[in-house]
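*Asks:* Numbering (this note's numbering), first residue to last: 65 to 492. Quick reminder that beta carbons are idealized off the backbone N, C-alpha and C, glycines included. I'd like to ask you about the structure that follows.
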Ligand code: ASP
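Shown next, in the form of structure tokens:
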């Protein structure tokens, strides 16, 4: 009998996790799940995070240093950045169109607003405070690390990417004067070894995903009455985000893969399932990165030269799902507060949400912190996030899936344009 593919195991485990979470919420045993099952998911997530930073460093240095000419690097970089910015702006625009059509905030009663306000005031204050410490200029200055080892230790991805690129370029430039082949081989082998670790970790993925899903659902359902209440009030808002995500994925990524890449859509969709399931259950594109790289290289067939540069960068700066969600949320909150946003304000949402999504760290729940910056820009009270805090986690799961798929799409398109797509093993 053919072995059941890994993504089916993950999917089955996800289903069991959801059931376990619901049962524990119903039987009042959420404490047990959160104490004993949650750590299993956390260990799995830690394993993935453990390899994310070394993988970015080794694969980027190896990728850049093995490029034959630096102009190719500039070309790939230019295409990547243009596609990342373009797709994010389109994602936010789709979000704005959908939210304006559905108008989820239009008929929310003042009592519901009051109830949400009372429930989430304190948490909202903390997030607004966290956002106060973020400045766009500081973020740009912060790309350049003063100490790369500190950046590695603190998982400052953008700084790690910057340092790795410089080291890779320096090794390329030294090639004419010194024998750099050995050191490049070392980086290549290290990055292969890390991918091997990914394969080992993925052997326990179903158990990890089961534990993560069970604890997320148990946590959401700890207060089932409040959850039911929230879902009722916010169902249209959540639907607006989810519909916009589906439109962006099918329309924009569908067109990009279908028209601009040499990869059949079916192969791309099947290849991405493990990474998407992991993104959904972990809500972190950084933790998913090692698996994204593996899927894109081994299953889609993107050459390492492209994936090792495009994917780490994408996990750090390209967040279509987050930008789209910030657009929908900003309009929703404004409507509930009785504010009509004119066209200029909506254009400002596209601009600031694009920047905010670049600055969002690829870990759970940061998108909503950066949303406060977008709200501030268009003059909507920042504590408006308290209206949507209660349902942020499920939406975070969905937007992270889009973030990861967006990175993979751009990697596939860029690799196709450079003639760097191979048939994956077992296919031709
Ligand atoms: N969780 C998202 C990610 O890691 C970021 C966010 O929108 O909060 O991609």
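By the 10 Å Cβ neighbour count, where 16 or more other Cβ atoms means buried, how is residue 270 classified, buried or exposed?
*Replies:* What you label residue 270 is simply residue 206 of the chain shown in a count that begins at 1. By the 10 Å Cβ count, residue 270 comes out buried.
*Asks:* Could you check the C-alpha separation between residue 477 and residue 418 for me, to the nearest Å?
*Replies:* As a working note, residue 477 is residue 413 in the chain shown. As a working note, residue 418 is residue 354 in the chain shown. Roughly 21 Å between the two C-alpha positions.
*Asks:* Helix, strand or coil for residue 437, going by three-state DSSP, please let me know.
*Replies:* In the chain shown, residue 437 corresponds to position 373, counting from 1. It is helical.
*Asks:* Below 8 Å, how does it come out for the stretch 403-420 and the stretch 122-140: are there three or more Cβ pairs, yes or no?
*Replies:* Segments in contact, no.
*Asks:* Give me whichever residues DSSP pairs with residue 366 in a beta bridge.
*Replies:* Along the chain shown, read from residue 1 onward, the residue named residue 366 stands at position 302. According to DSSP, which records beta bridges pairwise, residue 366 is partnered with 485.
*Asks:* Tell me whether the stretch 378-388 and the stretch 398-408 touch, counting them as touching only if at least three CB pairs, one residue from each stretch, are closer than 8 Å.
*Replies:* The answer is no - the stretch 398-408 does not touch the stretch 378-388, with fewer than three Cβ pairs under 8 Å.
*Asks:* Look up residue 256 in the DSSP assignment and say whether it is helix, strand or coil.
*Replies:* Taking the chain shown and counting its residues from 1, the one referred to as residue 256 is at position 192. Helix, per DSSP.
*Asks:* Cβ of residue 471 within 9 Å of Cβ of residue 347?
*Replies:* Position 407 of the chain shown holds residue 471. Position 283 of the chain shown holds residue 347. In this structure, residue 347 does not lie closer than 9 Å to residue 471 by Cβ.
*Asks:* Quick one, what's near ligand 1 if you take every residue whose CB is closer than 6 Å to any heavy atom, in chain order?
*Replies:* Taken from the N-terminal end onward, the list reads 347, 348, 349, 383, 386, 424, 426, 427, 428, 429, 430, 431, 460, 463, 464 and 467.
*Asks:* Excluding sequence positions up to five away, which residues of its chain have a Cβ less than 6 Å from the Cβ of residue 127?
*Replies:* Here residue 127 is taken as the residue at index 63 of the chain shown, counted from 1. The residues are 369, 372 and 373.
*Asks:* Along the chain, which unbroken stretches of the beta strand (DSSP E) at least 3 residues long are found entirely within the stretch 86-166?
*Replies:* Fully enclosed beta strand (DSSP E) runs of 3 or longer: not present.
*Asks:* Does the beta-carbon distance from residue 462 to residue 337 come in below 9 Å?
*Replies:* Locating residue 462 in the chain shown gives position 398, counting from the first residue. Locating residue 337 in the chain shown gives position 273, counting from the first residue. No, the Cβ-Cβ distance between residue 462 and residue 337 is not below 9 Å.
*Asks:* Under 8 Å by Cβ, that's how I've got residue 387 and residue 155 pegged, so tell me the actual separation to the nearest angstrom.
*Replies:* In the chain shown, counting from the first residue as 1, residue 387 sits at position 323. In the chain shown, counting from the first residue as 1, residue 155 sits at position 91. Correct: roughly 5 Å between the Cβ atoms.
*Asks:* At what residues does the alpha helix (DSSP H) containing residue 223 begin and finish?
*Replies:* Residue mapping note: residue 223 aligns to position 159 of the chain shown, counting from 1. Element bounds for residue 223: 221-238.
*Asks:* For the candidate residues 206, 456 and 77, whose alpha-carbon lies nearest to that of residue 191?
*Replies:* Within the chain shown, the letter at position 127 stands for residue 191. Among 206, 456 and 77, the Cα nearest to that of residue 191 is on 456.
*Asks:* Using three-state DSSP, classify residue 243 as helix, strand or coil.
*Replies:* In the chain shown, the residue the question calls residue 243 occupies position 179. The answer is coil: DSSP assigns residue 243 none of H, G, I, E or B.
*Asks:* Only counting the same chain, and skipping five residues up and downstream in sequence, which positions put a Cβ closer than 6 Å to that of residue 328?
*Replies:* The count along the chain shown starts at 1 and reaches residue 328 at position 264. Counting only Cβ-Cβ distances below 6 Å, and skipping sequence neighbours, we find nothing.
*Asks:* Quick check on DSSP: helix, strand or coil for residue 168?
*Replies:* To locate residue 168, count along the chain shown from 1; it is residue 104. The answer is coil: DSSP assigns residue 168 none of H, G, I, E or B.
*Asks:* My assumption, with CB atoms under 8 Å, is that residue 286 sits in contact with residue 94. Please give the rounded CB distance.
*Replies:* Taking the first residue of the chain shown as 1, we reach residue 286 at position 222. Taking the first residue of the chain shown as 1, we reach residue 94 at position 30. At roughly 5 Å, the Cβ-Cβ gap stays under 8 Å, so residue 286 and residue 94 are in contact.
*Asks:* Residue 356 lies in the alpha helix (DSSP H); which residues open and close that run?
*Replies:* Numbered from its first residue, the chain shown carries residue 356 at position 292. Unbroken alpha helix (DSSP H) run through residue 356: 349-358.
*Asks:* Within its chain, find whatever has a CB closer than 6 Å to the CB of residue 351; leave out the 5 residues flanking it on each side and keep chain order.
*Replies:* What you label residue 351 is simply residue 287 of the chain shown in a count that begins at 1. Within the same chain, residue 351 has close Cβ partners 109, 112 and 113.
*Asks:* What are the start and end residues of the alpha helix (DSSP H) that includes residue 426?
*Replies:* For the purposes of this step, residue 426 is identified with residue 362 of the chain shown, where counting begins at 1. Taken as a continuous stretch (DSSP letters only), residue 426 belongs to no alpha helix (DSSP H), as it is neither H nor E.
*Asks:* Roughly how many whole angstroms lie between the Cα atoms of residue 364 and residue 343?
*Replies:* Locating residue 364 in the chain shown gives position 300, where the first residue counts as 1. Locating residue 343 in the chain shown gives position 279, where the first residue counts as 1. Taking the straight line joining both Cα atoms gives about 18 Å.
*Asks:* Starting from residue 202, follow the alpha helix (DSSP H) in both directions and report where the run begins and ends.
*Replies:* Your numbering for residue 202 matches position 138 in the chain shown. From DSSP, the alpha helix (DSSP H) with residue 202 extends over 200-205.
*Asks:* For residue 467, count neighbouring C-beta atoms within 10 Å of its own C-beta (all shown protein chains included) and say buried if the count is 16 or more, exposed if not.
*Replies:* Here residue 467 is taken as the residue at index 403 of the chain shown, counted from 1. That one is buried.
*Asks:* Closest to residue 184 by C-alpha separation, out of 175, 453, 446 and 475, would be which residue?
*Replies:* Within the chain shown, numbered from 1, the residue matching residue 184 stands at position 120. Answer by Cα proximity: 453.
*Asks:* Quick test of your reading: residue 488 and residue 362, contact by CB under 8 Å. State the CB separation rounded to the nearest angstrom.
*Replies:* The residue labelled residue 488 in the question sits at position 424 within the chain shown. The residue labelled residue 362 in the question sits at position 298 within the chain shown. Confirmed, Cβ separation roughly 6 Å.
*Asks:* Write down the C-beta distance between residue 102 and residue 279 rounded to the nearest angstrom, noting that I regard them as a contact closer than 8 Å.
*Replies:* In the chain shown, the residue the question calls residue 102 occupies position 38. In the chain shown, the residue the question calls residue 279 occupies position 215. At roughly 4 Å, the Cβ-Cβ gap stays under 8 Å, so residue 102 and residue 279 are in contact.
*Asks:* Name the residue from 96, 124, 70 and 319 whose alpha carbon lies nearest to the alpha carbon of residue 265.
*Replies:* Along the chain shown, read from residue 1 onward, the residue named residue 265 stands at position 201. The candidate whose alpha carbon is nearest that of residue 265 is 70.
*Asks:* Can you find at least 3 beta carbon pairs, one from the stretch 429-437 and one from the stretch 388-398, that sit closer than 8 Å?
*Replies:* Contact holds: three or more Cβ-Cβ distances are below 8 Å.
*Asks:* Leaving out the 5 sequence neighbours to the left and right, which residues in its chain are closer than 8 Å to residue 340 when beta-carbon positions are compared?
*Replies:* Along the chain shown, one-based indexing puts residue 340 at 276. Cβ neighbours of residue 340 beyond the five flanking positions: 465, 468 and 469.
*Asks:* What would DSSP say about residue 189, mapped onto helix, strand or coil?
*Replies:* For the purposes of this step, residue 189 is taken as the residue at position 125 of the chain shown. Correct three-state label for residue 189: helix.
*Asks:* By how many angstroms is the C-alpha of residue 326 removed from the C-alpha of residue 333?
*Replies:* On the chain shown, position 269 is the one that residue 333 refers to. On the chain shown, position 262 is the one that residue 326 refers to. Rounded to whole angstroms, residue 333 to residue 326 spans 14 Å at the Cα level.
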